[in-house]
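Q: I'd like to ask you about the structure that follows.
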Amino acid sequence: MKTCALLSAGAWPRKNTVFLPWGEDTTIVPLAGAQDVSRVAATLLANPGAPPQSVYALVSETPTVREMTETLGRAVGRPIRYVAITDEQWTNAVKERINPHALDHLTHLWQYFRQGEERFQATDAILIVTGRDPQTLEEFFKANARAIDAGQS
Amino acid sequence: MIKPRIIVTGATGKTGSVVVAELLRAGYPIRAQVHRDDGRSARLKAQGAEIAVATDVERVTDALRDVQRAYFCPPFDPYMIQGAVAFAIAAKESRLEHIVGLTQWLAVPHTPHSQPAKAG
Numbered sequence: 004m005k006t007c008a009l010l011s012a013g014a015w016p017r018k019n020t021v022f023l024p025w026g027e028d029t030t031i032v033p034l035a036g037a038q039d040v041s042r043v044a045a046t047l048l049a050n051p052g053a054p055p056q057s058v059y060a061l062v063s064e065t066p067t068v069r070e071m072t073e074t075l076g077r078a079v080g081r082p083i084r085y086v087a088i089t090d091e092q093w094t095n096a097v098k099e100r101i102n103p104h105a106l107d108h109l110t111h112l113w114q115y116f117r118q119g120e121e122r123f124q125a126t127d128a129i130l131i132v133t134g135r136d137p138q139t140l141e142e143f144f145k146a147n148a149r150a151i152d153a154g155q156s
Numbered sequence: 003m004i005k006p007r008i009i010v011t012g013a014t015g016k017t018g019s020v021v022v023a024e025l026l027r028a029g030y031p032i033r034a035q036v037h038r039d040d041g042r043s044a045r046l047k048a049q050g051a052e053i054a055v056a057t058d059v060e061r062v063t064d065a066l067r068d069v070q071r072a073y074f075c076p077p078f079d080p081y082m083i084q085g086a087v088a089f090a091i092a093a094k095e096s097r098l099e100h101i102v103g104l105t106q107w108l109a110v111p112h113t114p115h116s117q118p119a120k121a122g
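Sequence order for the protein chains is U and W. Just add 3 to wherever you are in the first sequence, counting from 1, and you've got this note's numbering. Just add 2 to wherever you are in the second sequence, counting from 1, and you've got this note's numbering.
What follows is the structure, given as structure tokens:
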């Protein structure tokens, strides 16, 4: 989950607080795990005939920022606070680690999420294509809890 | 039956590396396209993938030679469009039978980008 990976890559200037430019904590963030996306791709490459769609929308969950923060708190075993920051503050915090083009893309993506014009819905594409339930956000956080803790200063 | 050769672009990335591992496990011959020879590409080679270092059009064309299927995951960099064009040209020349592309954000079915162009 690329979006969630950012929680452990520059969003932790202070302990137990997530600083991200995601606006209100009611902002919805559509998620899909990298492992699940990869398995979909591998399955389709191995079996190009079925299911015969040209586009698969891979969205396993659509939590709000508040739900994501609460889920993270459960995974690491302590309350986590979310603090909204500006795009500029976030850009300044991560620009040493993310190339300018990707940074620009992500900044537009955050704006898109904050606007909330899209009614994101989870899809069953991952289950249909791979035959396996997608990884949940909680499973992802638990699997990466140590790395997330290591990202704190 | 000989399985088709599959090229995986961005093979050292978060999704590419898993695609390589999954397909190798399934017995497919894999050509891993990378930007440079380094420790990550060495690990892919150790898993059984053939390594193709490809950063420009000619090398991409070479990388797609004798390949039947492809995983295309373009990097977010200033040359993303040029890279996609180079890949498309090479894919056409190689007559790939199947491409799985990964995009973000604009690939949902109801966006204009995913709708077929209307005639007339």
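Positions of the beta carbon are idealized from the N, C-alpha and C atoms, including for glycine.
What number of angstroms, rounded off, separates the C-alpha of residue 147 of chain U from the C-alpha of residue 69 of chain W?
A: Here residue 147 of chain U corresponds to residue number 144 of the first sequence, with the count starting at 1. Here residue 69 of chain W corresponds to residue number 67 of the second sequence, with the count starting at 1. Using only the alpha carbons, I get a separation of about 36 Å.
Q: Measuring alpha carbon to alpha carbon, tell me which of U:76, U:110, U:47 and U:124 ends up nearest residue 18 of chain U.
A: Residue 18 of chain U sits at position 15 when you count from the first residue of the first sequence. Of U:76, U:110, U:47 and U:124, the residue nearest in Cα terms is U:76.
Q: Quick one: complete beta strand (DSSP E) runs, 3+ long, within the stretch 55-98 of chain U?
A: Runs found: 84-87.
Q: Taking the beta strand (DSSP E) that residue 100 of chain W belongs to, which residues open and close that run?
A: Counted from its first residue, the second sequence places residue 100 of chain W at position 98. It spans 100-103 - the beta strand (DSSP E) in which residue 100 of chain W sits, taken as one unbroken run.
Q: Is it right to say residue 71 of chain U is buried, meaning 16 or more other beta carbons lie within 10 angstroms of its own, or is it exposed?
A: The residue given as residue 71 of chain U occupies position 68 in the first sequence. The residue is buried, with at least 16 neighbouring Cβ atoms inside 10 Å.
Q: Which residue from U:60, U:131, U:65 and U:103 puts its Cα closest to that of residue 139 of chain U?
A: Here residue 139 of chain U is taken as the residue at index 136 of the first sequence, counted from 1. Nearest C-alpha to residue 139 of chain U: U:65.
Q: Which bits of chain U does residue 71 of chain W rub up against, with CB to CB less than 8 Å?
A: Start at 1 with the first residue of the second sequence, and residue 71 of chain W comes out as number 69. 48 and 51, listed in chain order.
Q: Rounding to the nearest angstrom, what Cα-Cα distance links residue 88 of chain U and residue 46 of chain W in this structure?
A: Locating residue 88 of chain U in the first sequence gives position 85, where the first residue counts as 1. Locating residue 46 of chain W in the second sequence gives position 44, where the first residue counts as 1. Between residue 88 of chain U and residue 46 of chain W, the C-alpha separation is close to 39 Å.
Q: To test your reading of the DSSP string, which unbroken beta strand (DSSP E) runs of 3 or more residues are found completely within the stretch 14-102 of chain W?
A: Segments of the beta strand (DSSP E) lying fully in the stretch 14-102 of chain W: 32-36, 52-55 and 71-74.
Q: Can you confirm whether residue 76 of chain W, when its beta carbon is compared against all beta carbons of chain U, has any partner nearer than 7 Å?
A: Start at 1 with the first residue of the second sequence, and residue 76 of chain W comes out as number 74. No, its Cβ sits nowhere closer than 7 Å to a Cβ of chain U.
Q: What are the residues of the stretch 6-24 of chain W that lie near chain U, defined by any Cβ-Cβ distance shorter than 7 Å?
A: Cβ contacts with chain U: 8, 16, 17, 20, 21 and 24.
Q: Determine the extent of the beta strand (DSSP E) in which residue 20 of chain U is found, giving its start and end residues.
A: If you number the first sequence from 1, residue 20 of chain U lands on position 17. First-last of the beta strand (DSSP E) with residue 20 of chain U: 20-23.
Q: Can you give me the Cβ contacts of residue 29 of chain U inside the same chain, cut-off strictly under 6 Å, excluding the 5 residues immediately before and after it?
A: Mapped onto the first sequence, residue 29 of chain U falls at position 26. 67.
Q: Compute the distance between the beta-carbons of residue 49 of chain U and residue 28 of chain W, then report whether it is under 7 Å.
A: Stepping through the first sequence from its first residue, residue 49 of chain U is reached at position 46. Stepping through the second sequence from its first residue, residue 28 of chain W is reached at position 26. Their beta carbons are under 7 Å apart, which means residue 49 of chain U touches residue 28 of chain W by this criterion.
Q: Let me confirm a value: residue 38 of chain W is counted as buried when at least 16 other C-beta atoms fall within 10 Å, else exposed. Which label applies?
A: Position 36 of the second sequence holds residue 38 of chain W. By the 10 Å Cβ count, residue 38 of chain W comes out exposed.
Q: Take residue 42 of chain U as the anchor and find which of W:51, W:52, W:24 and W:56 has the nearest alpha-carbon.
A: Counting from 1 along the first sequence, the entry for residue 42 of chain U is found at position 39. The residue with the shortest Cα to Cα distance from residue 42 of chain U is W:24.
Q: Per the DSSP calculation, residue 10 of chain W is bridged to which residue(s)?
A: What you label residue 10 of chain W is simply residue 8 of the second sequence in a count that begins at 1. DSSP output for residue 10 of chain W lists W:34 and W:73 as bridge partner(s).
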